[in-house]
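Asker: Below you'll find the structure I mean.
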Amino acid sequence: MVEGGPIDVLTGDWLAELTMLILAGNRLKGRPGYARTFLTQMEQVLGTCLDRGIKIVSNAGGLDPAGCARAVAELADRLGLDARVAHVTGDDLTGRDLDALGALVNLDTGERLDATPLTANAYLGGRPVAAALELGADVVVTGRVTDAALVTGPGMWRYGWGPGDLDALAGSVVAGHVIECGCQATGGNYAFFTEVPGIAHCGFPIAELHADGSSVITKHPGTGGRVSVGTVTAQLLYEIGSPRYLGPDVVARFDTIHLKPDGEDRVRVSGVRGEPPPGTLKVALNHLGGYRNTMTLVLTGLEIEAKARLALDAVFARVPRESFDEVHVELTPVAAPDGPGALALLRVTVMDADQRKAGRAFSSAVVETGLASFPGFYALTPPGEASAYGVYWPGAVPAGAVRAEVWFGDRRAWQDSPAGRPSGEAHGPSGDGTEGTVSGTPDDAAGDLAVGGPAPGGEGGGPVREVPLGTVAGARSGDKGGNANLGVWVRTDAEYAWLEGFLTADRLRSLLPALASFGIDRYRLPNLRALNFVVHGLLGRGVAASPRMDAQAKALGEELRAAVVRIPITVGQASAGLARSSHDQNGHTSHLG
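Numbering that gives the first Met the number 0 puts the first residue of the sequence shown at 0, with every later residue one more than the last.
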């Protein structure tokens, strides 16, 4: 990013829900509570950034932004560099009366936390980042801010946006959401990956941010990957919920986004509308949940399901199933369902407050069945001890209860004022992972068809073809705390008209039977020719506690795309790639990567 072409701000997003728990574990072991790999990268590029006037903004501070900033300053001194390093605090709420603040109520389930949190961090916005840059910082290190704040903050600094510039702020949130996951915007993890050249050497995305909040997403020339309407759409659908995308600076309306090609590897993002932010800030809490252990058995050949039943009977005859707090079983076919090539994985996870019970008492019992179980018995791992797991808990506090501060070393240079902060709607019950909380009305009743009924487009004698849904649709999925999100998009208006009528919440359950017992909300995003689904509770207590093999629901979209459906012949495949057009850049832009 630094040497491949001109940029103004280098951003780095280190934090996810799981990362905060990992950093808490590091801190308990006497290690730093920040991302140490950030220092490795700073040693490589800090001098070049200072020479070229490139600002650096990163949330690598994690649980200890002050310690991370000190480490960066010491690195600069060691390299003989003069760098002004600022850090942002105020997000860490440990030591506060979280119950009185209302933070212990789970946004997704309404439950009240009765455990002691290891971490409690409010999601700050871009304002303190902007303040640090205005005060002359070369490097800004934050703790828990929204991912988009790494772009919204520099936008505020460069263009002077105030709280009332809602559309511009919303546009910057969208730009930040696009580039926050690196190569996912330039062809990485892309459904139509065969259309993307050079993925192994993928270039990272750049947001050319304009004063009105519109942007152009691009990458440096000569790098692998591709920036297209499709790759940008895929990332926009990643880890979202309702089209009303709530954050501390603004509510960005994802149903107002317009995308269009703007030249080779360039996509223009415009038209984003913003609304005032809610009166609360989301808080990410983590606490220890207990201990768990997993054993995976390989089943081959004939009668796979009967072998799985025998394996479970044999194990739980030695360690009673009801003796554990939780037991999770997954039987995953890997090859042909029957015959000589048949192969499946039987994954058994136990969870318990007692480390000994979940440890070798379980895993050794599994191995001990090896001579008295199904034919062809073998396991993928030897017996082992249980490991501790954490639980992610989303809460919310009044925005006025959190005051961000900017520090240069030991000197406090700026403090946020709660005056004038919004006091409107609170965060709703649907959690939105890294970027805040979403609210809105799902449309899952609209256009629903009875499960097992005729596929739309097949009625009336119209010709259809039976093909995988992925023939016409792309998908991207991910984790939203204990929920999963699944975004599905197509590339033509005709395909979207069919998809909107066909892929209802009930249809999704019929195509993916594993979702049958979960609540599902569906949201329309017609500007993106997309639908977004939120599957409530699929991931249990979040990635750190989820016993699922796919603990973050990353593969859910590809599972859906493999499902065979009846598609009208009149709904043709979109042509690969996008029309190319020349680009004439007008106005002032800020380049963030």
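Backbone N, C-alpha and C fix where the C-beta goes; we use that ideal spot for every residue, glycine too.
How many angstroms separate the CA atom of G340 from the CA atom of M294?
Answerer: 23 Å
Asker: With DSSP collapsed to three states, give me the class of R30.
Answerer: coil
Asker: Go to R410, then tell me how far its beta strand (DSSP E) extends in each direction, as first and last residue.
Answerer: 410-414
Asker: If you draw a straight line from the alpha carbon of H286 to that of F203, how long is it in whole angstroms?
Answerer: 34 Å
Asker: State buried or exposed for L78, treating a residue as buried only when at least 16 other CB atoms are found within 10 Å of its CB.
Answerer: exposed
Asker: Between the Cα of L123 and the Cα atoms of G142, G4, Y388, which residue gives the shortest distance?
Answerer: G142
Asker: In the DSSP assignment, what are the bridge partners of A59?
Answerer: Answer by DSSP bridge pairing: none, since A59 is not bridged.
Asker: Where does S580 fall in DSSP's three states?
Answerer: Since pLDDT at S580 reaches only 32, below the 50 mark, its modelled position is unreliable, and no value is offered.
Asker: Put V140 into one of helix, strand or coil per three-state DSSP.
Answerer: Secondary structure at V140: strand, using DSSP grouped into helix, strand and coil.
Asker: Take every Cβ of the region 240-253, pair it with every Cβ of the region 275-282, and state whether three or more of those distances are shorter than 8 Å.
Answerer: yes
Asker: By a C-beta neighbour count over all protein chains shown, 10 Å radius and 16 as the cutoff for buried, is I568 buried or exposed?
Answerer: exposed
Asker: Answer yes if the region 540-556 comes into contact with the region 463-478, meaning at least three C-beta pairs across the two stretches below 8 Å, and no otherwise.
Answerer: With a cut-off of 8 Å, the region 540-556 and the region 463-478 count as touching, because enough Cβ pairs lie within range.
Asker: Have a look at the DSSP bridge pairing and note the partners of G473.
Answerer: W488
Asker: Give the straight-line distance between the Cα atoms of A233 and V489, rounded to the nearest whole angstrom.
Answerer: 10 Å
Asker: Please tell me whether L235 and V314 are closer than 8 Å, where the distance is taken between their beta carbons.
Answerer: Pairing L235 with V314 gives a Cβ-Cβ distance that is not under 8 Å.
Asker: Could you tell me whether the Cβ atoms of V82 and D137 are closer together than 8 Å?
Answerer: At residue 82 the sequence reads Ala, which differs from the Val that was named. Yes; because the gap between Cβ atoms is below 8 Å, this pair is in contact.
Asker: Go to R291, then tell me how far its beta strand (DSSP E) extends in each direction, as first and last residue.
Answerer: 279-299
Asker: DSSP puts L524 in a beta bridge; with which residues?
Answerer: A529
Asker: Residues in the same chain with beta-carbon distance under 6 Å from G3, minus the five sequence neighbours each way, listed in chain order, please.
Answerer: H219
Asker: Compare the beta carbon distance of Y522 and P260 with 8 Å and say whether it is the shorter of the two.
Answerer: No.
Asker: Roughly how many whole angstroms lie between the Cα atoms of P374 and V333?
Answerer: 18 Å
Asker: Any chance you could list the alpha helix (DSSP H) runs of at least 4 consecutive residues sitting entirely within the region 169-205, in chain order?
Answerer: none
Asker: Kindly examine the ligand COA and report whether one of its heavy atoms sits closer than 7 Å to the Cβ of I55.
Answerer: In the structure shown, the ligand COA is absent, as is every other ligand, since no ligand is present at all.
Asker: Taking a contact to mean a Cβ-Cβ separation below 8 Å, would you say R540 touches G481 in this structure?
Answerer: yes
Asker: Return the chain-ordered list of same chain residues with a C-beta closer than 7 Å to the C-beta of R272, the five sequence neighbours on each side being excluded.
Answerer: D166, A169, R252, T255
Asker: Does the beta-carbon distance from C201 to G186 come in below 8 Å?
Answerer: yes
Asker: Can you check DSSP and say which residues form a bridge with K54?
Answerer: DSSP output for K54 lists V8 as bridge partner(s).
Asker: Could you have a look at A147 and say whether DSSP puts it in helix, strand or coil?
Answerer: coil
Asker: Can you have a look at Y377 and say buried or exposed, based on whether 16 or more other CB atoms are within 10 angstroms of its CB?
Answerer: exposed
Asker: Select from G135, D353, T331, A352 the residue whose C-alpha is nearest the C-alpha of L345.
Answerer: T331
Asker: Taking the runs of the alpha helix (DSSP H) that are 4 residues or longer, which of them lie wholly in the region 319-380?
Answerer: 354-357, 359-367
Asker: If contacts are defined as beta-carbon pairs under 8 Å, then V150 and I216 qualify, I think. What distance do you get, rounded to the angstrom?
Answerer: About 11 Å; that fails the 8 Å criterion.
Asker: Are W13 and G89 touching if we call contact CB-CB under 8 Å?
Answerer: G89 sits away from W13, with the two beta carbons spaced by 8 Å or more.
Asker: Counting beta carbon pairs with one atom in the region 101-116 and one in the region 380-399, are three or more of them shorter than 8 Å?
Answerer: With the cut-off at 8 Å, the region 380-399 and the region 101-116 touch.
Asker: For S322, which of A515, Q354, L45 has the nearest alpha-carbon?
Answerer: Q354
Asker: Can you give me the Cβ contacts of V534 inside the same chain, cut-off strictly under 7 Å, excluding the 5 residues immediately before and after it?
Answerer: Counting only residues of its own chain and dropping the five nearest sequence neighbours on each side, V534 has a CB closer than 7 Å to the CB of N482, A483, L485, L514, F517, I519.
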